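Notes follow once the structure below has been shown.
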Amino acid sequence: MQLEKSIIEEANHQQQAAHQRKYDFVAGDINGLDTILKKLGDFNIAIPSWALGTGGTRFGRFSGGGEPRSLEEKIDDVGLIQALNRSSNSISLHIPWDIPKNADVIKAHAAALGLHFDAVNSNTFQDQASQELSYKFGSLHHVDKAVRKQAIAHNIEVIKYGVALDSKALSVWLSDGSNFPGQLNMRGAFERTLESLQEIYEALPADWKVWVEYKPYEPNFYSTTIGDWGQSYLLSSKLGDKAQTLVDLGHHLQGANIEQIVSLLLMEGKLAGFHFNDSKYGDDDLTVGSINPYQLFLIFNELVEGMDARGMNHATGIGWMIDASHNIKDPIEDLIQSVEAIKIAYTQALLVDVTALKQAQQYNDVVFAQEILQHAYRTDVRPLLAEARLRAGGALNPLALYRAQAVRNQLIKERGAKAVSTGL
Ligand code: AFD
Ligand code: MN
Ligand code: MN
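At position 19 of the sequence shown (counting the first as 1) the number is 18 in numbering that gives the first Met the number 0, and the numbers step up by one without a gap.
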């Protein structure tokens, strides 16, 4: 299904007066309002193809119904999100969960909804029925060269799918690691991973990047071969300019200062981009901003400052993507909430008085430095987001409209209550 433009316009019309009041109240105090609205209009976050169905844990999966049954239907769901929020104009595919059989048809389908393709993701953390050798003991780091070769070939195949879709990056997340001390020679595992990645790197087209994701544990519980940003940075440095480090917010041990990691990677030109989500304990993959929105703001504060220092375009300078799992929420509603949370944090970071902050830092005025940051963080920027959406043709309140239109019920009618999408 698609949402007619007239439905969005009608809903906006009804909410216009209330919106205007809230907008005028906030906008009056904001310097450079037009620039901020323009930046908000440009800022899009990619939606992962594997997040449009219900997620699960090893204990179970509870489908909410109406899940997309095919890649086309996944694209349709991203189209719905984009029509509502005008901030989600691309989709990131996971291969082999979502193989585009006919790239031209898939591209045209997406383009009709105003969408294009973000990074493509390889999958060597599961065995596929058709595959000859097992990844039980790893893929790119495997002790057996034949397994490594198979995993390298898969990544090169994923690049080919991406080229056909006009993607520009390959995102690699490996579950390679060990479950018990002694199982693995750590240096050997790292060296083999580097060698394998070098072969994949050679296959990248000139205008492509490879994004190396890290994660401290799970599914392996003793060591992960690319376990933290240092290990990823080491690999991406050795590989070359086309390799960068991908930060998934859930892939840190508790208490890690992610904003500092991000700041330094950006300084070195090695920050590929983000997989956004939120977490309380580990790789929880919860809705962005649902647990620790202040941390998200502090990350964006470093990003805005760092990108400005390097003269980078905020919208296109690095990759912005959600990587979450919707175990109990309607995935579309969850994604709408996540995109909103990301853009709220981004807007608040844009409001930071950089000159005053620099001065406070210079004079070691710790109290004032905190005041400056928290003043921005405590500003209710939601009316600014709504205004930017309105100007872009989206809905003033995407979630309310999604519910008012009973979109999920319509999807259940179209696809069935038991439709299950591919993914984890
Ligand atoms: C993993 C990683 C990742 C990967 C995904 C699969 O975060 O990016 O593609 O899960 O669902 O934890
Ligand atoms: Mn991820
Ligand atoms: Mn993850």
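C-beta: ideal position from N, C-alpha, C; glycine also. All values derive from a computational prediction rather than experimental measurement.
Residue burial classification, residue i (beta-carbon count within 10 angstroms, cutoff 16)
i: M320; result: buried
i: N312; result: exposed
i: N276; result: buried
i: Q361; result: exposed
i: S129; result: exposed
i: T56; result: exposed
i: P47; result: buried
i: N11; result: buried
i: G272; result: buried
i: K100; result: exposed
i: D143; result: exposed
i: V365; result: exposed
i: G415; result: exposed
Beta carbon of residue i nearer than 8 Å to that of residue j
i: L350; j: I29; result: yes
i: H251; j: P215; result: yes
i: L83; j: P397; result: yes
i: Q347; j: F296; result: yes
i: Q294; j: I341; result: no
i: A109; j: I155; result: no
i: L356; j: I371; result: yes
i: D117; j: S91; result: yes
i: G65; j: A418; result: yes
i: P292; j: T53; result: no
i: A242; j: V211; result: yes
i: V287; j: S337; result: yes
i: L265; j: I225; result: no
i: A359; j: A368; result: yes
Selection from the options that minimises the alpha carbon distance to residue i
i: D247; options: D282, M266 and E267; result: D282
i: N178; options: V157, P218 and R186; result: P218
i: K279; options: A255, L302, G268 and E267; result: A255
i: G392; options: I80, F61 and D33; result: I80
i: L36; options: A387, I411 and R20; result: A387
i: T378; options: E8, L2, Y22 and A16; result: Y22
i: T244; options: F220, A152, G318 and K148; result: G318
i: S86; options: I98, G229, A202 and L114; result: L114
i: A323; options: E304, Q182, S138 and G422; result: G422
i: G40; options: A385, A399, R414 and N363; result: A385
i: L238; options: F189, V380, G249 and N120; result: F189
i: G249; options: T223, G229, L285 and L270; result: L285
Distance cut-off 7 Å: residue i Cβ against heavy atoms of ligand 3
i: G281; result: no
i: H250; result: yes
i: K214; result: yes
i: D333; result: no
i: D284; result: yes
Residues near residue i in its chain [Cβ-Cβ closer than 6 Å; skip 5 each side]
i: G78; result: L112
i: A308; result: none
i: P67; result: L51, K73, D76 and S420
i: R191; result: H140
i: S236; result: none
Cβ-heavy atom distance, residue i to ligand 1, below 7 Å
i: H93; result: yes
i: N120; result: yes
i: W49; result: yes
i: W172; result: yes
Sequence-distant residues of the same chain with beta carbon closer than 7 Å to residue i, five excluded per side
i: P95; result: N122 and Q127
i: K38; result: H313 and L349
i: Y345; result: F42 and F299
i: S166; result: F116, D117, A118 and V119
Beta-carbon contacts of residue i that lie in its chain and below 8 Å, excluding the five residues immediately before and after
i: V380; result: V25, I343, T346, Q347 and L350
i: A61; result: It should be pointed out that residue 61 corresponds to Phe in this sequence rather than to Ala. Hits under 8 Å: T53, G55, N326 and I327.
i: Q15; result: L395
Of all residues in the structure, which have a C-beta closer than 5 Å to any heavy atom of ligand 4, taken in chain order?
Ligand 4 is not among the ligands present in this structure, which contains only ligand 1, ligand 2 and ligand 3.
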